[in-house]
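Only one structure is covered here, and it is reproduced in the block below.
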Amino acid sequence: GIQVEQSPPDLILQEGANSTLRCNFSDSVNNLQWFHQNPWGQLINLFYIPSGTKQNGRLSATTVATERYSLLYISSSQTTDSGVYFCAAPVSLNEKLTFGTGTRLTIIP
Amino acid sequence: SQTIHQWPATLVQPVGSPLSLECTVEGTSNPNLYWYRQAAGRGLQLLFYSVGIGQISSEVPQNLSASRPQDRQFILSSKKLLLSDSGFYLCAWSVDAGAGEQYFGPGTRLTVT
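So the protein lines, in turn, are chains S and U. My numbering puts the first residue of the first sequence at 1, with every later residue one more than the last. My numbering puts the first residue of the second sequence at 1001, with every later residue one more than the last.
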């Protein structure tokens, strides 16, 4: 099946800093999602981005499907951005998601 | 708008006891439904998915089972819990034969003692 790798595994930043999280996948995908898991465990949808670039406030994401990677950018980090960020891609046609192991982001005030 | 509910939010059960976790979706019809487990705070593992009432596919052989008695209800069960069943259980839904974007419920934290 598809392999999804995320880097870095952990990231500690000062409030106000910018960050880039990376997601590599081993095969072609027709869907890629980014999630933020908050301290209470809730998975929040950030982006559904099979290709191209999307922006939502301080967050943006870019997926380069031909090169099999996606990037999540967080600008002007806030403490509420802390948590674990996951990317996930489906296994071909039946939309089952394979998750990466996540990036744990800690924003220090 | 669509919402997804899970209960209970937390559960502590002894080894060997039965389990029933419930997930319901509102605001959509004929959703694809999924059960995931997350252990040790990282990595979600797909356990079961369903494309319709009574249709269940299992991804990982284990001590658990799933059922879909109604269109928007998905239940995760066990007859006898093991210590290794502890974890965070998440239910998700997606539009049938559509965009493929999945939306997750708030989760149930299960501790087996």
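Note that CB positions come from ideal geometry on N, CA and C, so glycine has one too.
Practice item. Return the CA-CA distance between Ser1094/U and Ser1029/U, expressed in angstroms with no decimal places. Key: Stepping through the second sequence from its first residue, residue 1094/U is reached at position 94. Stepping through the second sequence from its first residue, residue 1029/U is reached at position 29. Whole-angstrom Cα-Cα distance: 10 Å.
Check your understanding: Ala65/S: which of Asn24/S, Asp10/S, Ser19/S, Gln14/S sits nearest, CA to CA?
Key -> In the first sequence, counting from the first residue as 1, residue 65/S sits at position 65. Distance check between Ala65/S and each of Asn24/S, Asp10/S, Ser19/S, Gln14/S places Asn24/S closest, using alpha-carbon atoms only.
Check your understanding: Looking at the C-beta of Lys128/S, does it have a partner C-beta in chain U at a distance below 7 Å?
Key -> Lying outside 1 to 109, the shown extent of chain S, residue 128/S is not represented and no answer is given.
Point to revise | Leu11/S, DSSP secondary structure in three states | key: Translated into positions along the first sequence, residue 11/S becomes position 11. Secondary structure at Leu11/S: strand, using DSSP grouped into helix, strand and coil.
**Study point:** Min CB distance Glu1101/U to chain S below 7 Å
**Key:** In the second sequence, the residue the question calls residue 1101/U occupies position 101. Interface residue (Cβ-Cβ distance to chain S less than 7 Å): Glu1101/U is classified as such.
Check your understanding: Short check: CB of Thr98/S to CB of Ala89/S, under 7 Å?
Key -> One-based indexing of the first sequence puts residue 98/S at position 98. One-based indexing of the first sequence puts residue 89/S at position 89. A contact, by the Cβ cut-off of 7 Å.
Review point. Which value, in whole angstroms, describes the spacing of the CA atoms of Glu15/S and Arg1072/U?
Key: As a working mapping, residue 15/S is identified with position 15 in the first sequence. As a working mapping, residue 1072/U is identified with position 72 in the second sequence. If I take the Cα positions, the gap works out to 41 Å.
Check your understanding: Among Asp27/S, Ile12/S, Leu21/S, Ser28/S, which has the Cα closest to the Cα of Phe35/S?
Key -> Your numbering for residue 35/S matches position 35 in the first sequence. Checked all of Asp27/S, Ile12/S, Leu21/S, Ser28/S; the closest Cα to Phe35/S is Leu21/S.
Practice item. Answer yes if the segment 1005 to 1014 of chain U comes into contact with the segment 1044 to 1055 of chain U, meaning at least three C-beta pairs across the two stretches below 8 Å, and no otherwise. Key: Result no; under three Cβ-Cβ pairs closer than 8 Å.
Point to revise | Any chain U beta carbon closer than 7 Å to Gly83/S | key: In the first sequence, counting from the first residue as 1, residue 83/S sits at position 83. It does not: the Cβ of Gly83/S has no partner Cβ on chain U nearer than 7 Å.
Review point. Which of the three DSSP states, helix, strand or coil, is assigned to Thr53/S?
Key: Against the first sequence, residue 53/S aligns to sequence position 53. Secondary structure at Thr53/S: strand, using DSSP grouped into helix, strand and coil.
Review point. Which residues in the same chain have their Cβ closer than 7 Å to the Cβ of Gly1100/U, if we skip the five residues on either side of it in sequence?
Key: Taking the first residue of the second sequence as position 1, residue 1100/U is located at position 100. Within its own chain, the residues whose Cβ lies closer than 7 Å to the Cβ of Gly1100/U, once the five positions on either side in sequence are excluded, are Ser1094, listed in chain order.
Check your understanding: From Ser76/S to Thr62/S, what does the alpha carbon distance come to, in whole angstroms?
Key -> Here residue 76/S refers to the residue found at position 76 of the first sequence. Here residue 62/S refers to the residue found at position 62 of the first sequence. Roughly 18 Å between the two C-alpha positions.
Point to revise | Beta-carbon proximity of Leu1077/U to Ser1017/U, cut-off 7 Å | key: Within the second sequence, residue 1077/U is the residue found at index 77, counting from 1. Within the second sequence, residue 1017/U is the residue found at index 17, counting from 1. In the sequence on display, residue 1077/U carries Ser and not Leu. Ser1017/U sits away from Ser1077/U, with the two beta carbons spaced by 7 Å or more.
**Study point:** N-terminal and C-terminal residue of the beta strand (DSSP E) that Ser171/S is part of
**Key:** Not covered by the structure: residue 171/S. The range shown for chain S is 1 to 109.
Point to revise | CA-to-CA distance, His1005/U to Val1025/U, given in whole angstroms | key: Looking up residue 1025/U in the second sequence gives position 25. Looking up residue 1005/U in the second sequence gives position 5. Between the alpha carbons of Val1025/U and His1005/U lies a distance of about 6 Å.
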